[in-house]
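What follows is a set of notes on a single structure, which appears directly below.
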Amino acid sequence: METIDEILTAFKDKQSDNELLRQRMENDFDLFALKAFQPEFKGYEAYTSPAPRNFFDKVTDGLNRAQMTIQIKLAEDATEAQQRAASVGELYLFGALHAIDRRLRKRGRQPLREMMGFHIGCRGWYGLRLLVYVPKGETETVFDADPWDVMHMAWEEGEQGLLWAAYQYEATKAQIKAAYNLDIPDKTAAITDFWDTEVNGVIVGKQLWGKELKEHNIGHVPVLVGPVGSMPNIVRKDNSQSTIDLQGDSVWAASRGIYAPKNKYISWVMDKAKASVAGSLIHEYSGTWKPLVGDPYQSFQEIPLNVDNKETLKPLETPRMPPEMAAALQLMDKDEQQSTLPYPLAYGGTAEGPWSGKALSQLDDNTLSAYSPRTSAMARVYTWLGEELLHQFAVKGMKATEMRGYDSKQEFFVVKVRPKDINPGWYVDVRVEPKLPRDRSEEISQALRATGKRGPEDEPLISKATAREEFLKLRDPDAEHDKVLAEMGEALPPIVAANVAAALKRRGKEELAEQVLVLLGGPGAVNGKQPLPAPGGPGGPGVPGGPGGGQVPPQLVDAVMKALITTGNEQLAEALFMVLTGENTGRATNGAGPVGPAGRTRGMPPVVAAWG
35 METIDEILTA
45 FKDKQSDNEL
55 LRQRMENDFD
65 LFALKAFQPE
75 FKGYEAYTSP
85 APRNFFDKVT
95 DGLNRAQMTI
105 QIKLAEDATE
115 AQQRAASVGE
125 LYLFGALHAI
135 DRRLRKRGRQ
145 PLREMMGFHI
155 GCRGWYGLRL
165 LVYVPKGETE
175 TVFDADPWDV
185 MHMAWEEGEQ
195 GLLWAAYQYE
205 ATKAQIKAAY
215 NLDIPDKTAA
225 ITDFWDTEVN
235 GVIVGKQLWG
245 KELKEHNIGH
255 VPVLVGPVGS
265 MPNIVRKDNS
275 QSTIDLQGDS
285 VWAASRGIYA
295 PKNKYISWVM
305 DKAKASVAGS
315 LIHEYSGTWK
325 PLVGDPYQSF
335 QEIPLNVDNK
345 ETLKPLETPR
355 MPPEMAAALQ
365 LMDKDEQQST
375 LPYPLAYGGT
385 AEGPWSGKAL
395 SQLDDNTLSA
405 YSPRTSAMAR
415 VYTWLGEELL
425 HQFAVKGMKA
435 TEMRGYDSKQ
445 EFFVVKVRPK
455 DINPGWYVDV
465 RVEPKLPRDR
475 SEEISQALRA
485 TGKRGPEDEP
495 LISKATAREE
505 FLKLRDPDAE
515 HDKVLAEMGE
525 ALPPIVAANV
535 AAALKRRGKE
545 ELAEQVLVLL
555 GGPGAVNGKQ
565 PLPAPGGPGG
575 PGVPGGPGGG
585 QVPPQLVDAV
595 MKALITTGNE
605 QLAEALFMVL
615 TGENTGRATN
625 GAGPVGPAGR
635 TRGMPPVVAA
645 WG
C-alpha cells in the first residue's frame, strides 16, 4: 500500500470485517460506564446495577497490584561475562520502562501498566506501538510506547507476524498543527497512523499526509495486538464467518448477558413497591359524591360514611410480584457470582473466624479464574515490550544513553548503556502473579517440614531453593538466598568487631575500638599475624570464630563474601576482607555495582576478586 486511498480503504475493510467485535466492545464499555437502564414507559422506576463497575474495578485493581517480575533468562552454564551483560540489559529494561511512564505522565496520562490493564479488562484485547529513537537535533533517547485501542485499530496477520497495522483517532486543530504543521478547516480531524514491515506514514483526514511514507529500519511492524484468554481463531462450520467477535475475554465475558434482565426485573420490583405505598382507596357510594379530605394514611382522621346508602371505603388491593420473580432473581444472582467473583468472599470476606490454609487455597483457585487470563495477557504484553526495547535499541545504531530508574529491589540506579551492550536475541521472561489471600504460617511450616532432615543420615525431601519458590512463592529465590547469606555474614564475629570498632572510632574512642577487635576477632584480625589465605590458594584452617577459638568453615566464608558483594553490601565485604587478611587497601569493592533480579554481580572488586 502506497497511497492514502489504498491505506484508508484497507483500514475500512478490516474494520468492517471486525464490526461484530467492535460492537461487543461498545456494549462492554456501556457496562463499565454504568449506562442507565431505560424503562419501557415514562415515569416508571429505573434501576441500574453497580455490579459491572464494581467487578471491573476489583479485577483491574488486582491486576495493577499483581507482582511483576522481569528477567533476562540465561542458560545454566552462562559465563560470568554473560551474566554481567544480562544484568546491564535488565537495568536497561527497568530504565526504559521508567522512561516510558515519565513520558506518559508528562502527557497527562496514566502509567503504561495501568492503561494496558484497562484495555485488557474492558476491551478484552490489547494493542501497543513502541518506538525507540533519538529526535533530530537532540541527544536523549526517546522510549515512546503508545497503547492503541483495538476498537479503533485495523491489522492483517502473516506467517511471520503482522503484515501491517494502523490506528485511527481524533486530533484537534491545535494538536495537528503542533505535530505536523498542517492547518485544517475543521476543529478536529481523523489521524491514521499506518505501519507495515518497511515503512510508516501518518494520514490527516482523508487527503493529507501528516508524515509521508518513510522507512523505519526496524525490520518488522513495531505493533502488538492480541486477545485476552485462550480461545484461538476458530472458523464456523460453514467456513463463512470468523469468530473473532468471540475472542478476547473482557471481565464481563460470561456475565454481560445478566445485567440487562437484572436491571429490568429489579426496576419492576421497585415499581410494585412504589405502588404499594401510594395508599389509593376505593370509595363506594350512592348519592352525592363526598371527597375525602387529606390523606388518611398520613394522619388520623375520622371518616363519616352513610350507612343507609351503603357507602363503603376500602383500600385498593396492593399489587404483588408473582413468586416466580424471587426465583428468577435468585437464579440471576447465582449466575452472576459464578461468572464474576463471589460476594462477600472476594469483597472483604465474612464475619467468620480465621480461614485455614486449605480454605484459603480453595479461595485462591476460585478467584484465579478471574485474574489468570488478565495476568497472562499482561505478561505477554511486557514480554513483547521487553524484547522490542532490546531489539530496537540494538539494531537502529543509536548512541549510548544514560538509564535511570529503580531495579527489582526498588533501589535507584544510574547506568550508561551502549547499543553494543545489548543482545537483541536475549530471552525476556515476565511473570505477573496476582496477590491473593495466603496462610503464611502454614506455608512456612510446610517449607520447614519439607527441607528438614528426619535423621542424621536422611536427606531433605526438597531443597531450600525449591521451598522458597514453591511453598513461599518468593519472586526471586536466588536473591533471597543471597540476603540470608549476607545476614549470616553480618553476624560473623569479625564483621561484628569491625562494625563495633568503626562506630567507636567515629566517636573518637580509638583505643577502645582496638580492644574490641582483639576481643571479638582475635589478635590475627587486628595486626595480620594470622591472616586467612584467600579461596583458591593454599588451604587454611578456617576463620577465627571469636574468643572461644572456634573455626568458621572456609566454604561458608566463600559463600558469605559472594553474598555480601552481590547484595550491595560492599562495606561489609571490605571489613571482612580486612579482618581476614590483615590488609587495608582502601575501598575494597571499587567497581562493584548493584544486582539484577537474578542476583548477578555487575562488577568485580579488585581486592576480593577471589570471591567474585
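Numbering-wise, this note's numbering comes out as the position in the sequence shown, counting from 1, plus 34.
Ideal Cβ placement from N, Cα and C applies to all residues, glycine included.
By alpha-carbon positions, which one of E545, L423, A434, Q241 ends up nearest to T173?
The sequence position of residue 173 within the sequence shown is 139, counting from 1. It is A434 whose Cα lies nearest to the Cα of T173.
Closest residue to H254 among V429, D283, L365, V464 (Cα-Cα distance):
Residue 254 sits at position 220 when you count from the first residue of the sequence shown. Checked all of V429, D283, L365, V464; the closest Cα to H254 is V429.
I'd like to know whether the C-beta of E548 is nearer than 9 Å to at least one C-beta of chain C.
Here there is only one protein chain, and chain C is not present.
Since P349 is in the beta strand (DSSP E), which residue starts that stretch and which ends it?
As a first step, residue 349 is located in the sequence shown; it is residue number 315 there, counting from the start. Element bounds for P349: 346-349.
Can you check DSSP and say which residues form a bridge with Q105?
For this step, residue 105 is matched to residue 71 along the sequence shown. DSSP output for Q105 lists D463 as bridge partner(s).
Helix, strand or coil at P565 according to DSSP, with G and I counted as helix
For this step, residue 565 is matched to residue 531 along the sequence shown. Only weak support is given to the placement of P565: the predicted model assigns it a pLDDT of 41, under 50, and the question is left unresolved by the model.
Mind checking whether T94 and V285 have CB atoms under 9 Å apart?
On the sequence shown, residue 94 is found 60 positions in, with the first residue counted as 1. On the sequence shown, residue 285 is found 251 positions in, with the first residue counted as 1. Contact: yes.
Given a threshold of 16 other Cβ atoms within 10 Å of its Cβ, counted over all protein chains shown, does T37 qualify as buried or as exposed?
Translated into the one-based positions of the sequence shown, residue 37 becomes position 3. Counting Cβ neighbours within 10 Å, T37 comes out exposed, since fewer than 16 surround it.
Could you tell me which of P73, K207, K443 sits nearest to D512, measuring between CA atoms?
The residue labelled residue 512 in the question sits at position 478 within the sequence shown. When only C-alpha atoms are compared, the closest one is K443.
Since D512 is in the alpha helix (DSSP H), which residue starts that stretch and which ends it?
Locating residue 512 in the sequence shown gives position 478, counting from the first residue. Its alpha helix (DSSP H) spans residues 511-525.
How would you label G570, buried or exposed, when you count the other beta carbons within 10 angstroms and need 16 or more for buried?
What you label residue 570 is simply residue 536 of the sequence shown in a count that begins at 1. Annotation note: pLDDT 43 at G570 (below 50); position unreliable, coordinate value reported separately. Looking at its Cβ environment, which holds fewer than 16 other Cβ atoms inside 10 Å, G570 is exposed.
Among R147, V176, F71, whose alpha-carbon lies nearest the alpha-carbon of E436?
Here residue 436 corresponds to residue number 402 of the sequence shown, with the count starting at 1. When each option's Cα is compared against that of E436, the closest is V176.
Give me the residue from I154, D39, L363 with the minimum Cα distance to V259.
Looking up residue 259 in the sequence shown gives position 225. Comparing Cα-Cα distances from V259 to each of I154, D39, L363, the minimum goes to I154.
Could you check the C-alpha separation between M522 and T485 for me, to the nearest Å?
Within the sequence shown, numbered from 1, the residue matching residue 522 stands at position 488. Within the sequence shown, numbered from 1, the residue matching residue 485 stands at position 451. Rounded to the nearest angstrom, the two C-alpha atoms are 19 Å apart.
C-beta contact flag for L526 and V166 at 9 Å:
Against the sequence shown, residue 526 aligns to sequence position 492. Against the sequence shown, residue 166 aligns to sequence position 132. No. Outside cutoff.
Alpha carbon to alpha carbon, how far is L68 from N88?
Counting from one through the sequence shown, the residue named residue 68 turns up at place 34. Counting from one through the sequence shown, the residue named residue 88 turns up at place 54. About 10 Å.
How would you label G244, buried or exposed, when you count the other beta carbons within 10 angstroms and need 16 or more for buried?
Taking the sequence shown and counting its residues from 1, one reaches residue 244 at position 210. Buried, because 16 or more other Cβ atoms sit within 10 Å of the Cβ of G244.
So, with DSSP's three-state summary, where would you put R438?
By one-based count along the sequence shown, residue 438 stands at place 404. R438: strand per DSSP, three-state reduction.
Contact set for E493: own chain, Cβ-Cβ below 8 Å, skip 5 residues either direction
Position 459 of the sequence shown holds residue 493. If we look at E493 and ignore the five residues flanking it on each side, its Cβ neighbours are K487.
Between the segment 102-110 and the segment 450-462, can you find at least three pairs of beta-carbon atoms closer than 8 Å?
yes
By how many angstroms is the C-alpha of V530 removed from the C-alpha of G574?
To locate residue 574, count along the sequence shown from 1; it is residue 540. To locate residue 530, count along the sequence shown from 1; it is residue 496. With a pLDDT of only 41 at G574, under 50, the local geometry of the prediction cannot be trusted, and the value read off the model is given with reservation. C-alpha separation (whole angstroms): 22 Å.
Using alpha carbons as the reference points, say which of I300, G161, D329 lies closest to V658.
Given that the chain is displayed from residue 35 to residue 646, the structure contains no residue 658 and the question cannot be resolved.
Smallest Cα separation from K48: which of N61, R143, G129, W189?
Here residue 48 is taken as the residue at index 14 of the sequence shown, counted from 1. Nearest C-alpha to K48: W189.
Between which two residues does the beta strand (DSSP E) carrying G244 extend?
As a first step, residue 244 is located in the sequence shown; it is residue number 210 there, counting from the start. Note, G244: beta strand (DSSP E), 242-249.
Quick check: is any heavy atom of the ligand SAM less than 8 Å from the C-beta of A80?
This structure lacks the ligand SAM, and indeed carries no ligand of any kind.
Here's the rule: buried if 16 or more other CB atoms are within 10 angstroms of the residue's CB, otherwise exposed. What is V448?
Numbered from its first residue, the sequence shown carries residue 448 at position 414. V448 comes out exposed.
Counting pairs of Cβ atoms below 8 Å between the segment 228-239 and the segment 194-202, do you hit three or more?
yes
Taking contact to mean 3 or more Cβ pairs, one atom from each stretch, closer than 8 Å, check whether the segment 290-304 and the segment 76-88 are in contact.
yes
Fully enclosed by the segment 51-126, which alpha helix (DSSP H) runs are 4 residues long or longer?
53-66, 85-99
For M25, which three-state DSSP category applies?
The displayed coordinates of the chain run from 35 to 646. Any statement about residue 25 would go beyond what the structure contains.
Taking one C-beta from the segment 48-63 and one from the segment 178-188 each time, how about it: are there three or more such pairs within less than 8 Å?
yes
Count the other CB atoms, across all protein chains shown, that sit within 10 Å of the CB of Y78; report buried if there are 16 or more and exposed otherwise.
By one-based count along the sequence shown, residue 78 stands at place 44. Its Cβ having fewer than 16 others within 10 Å, Y78 is exposed.
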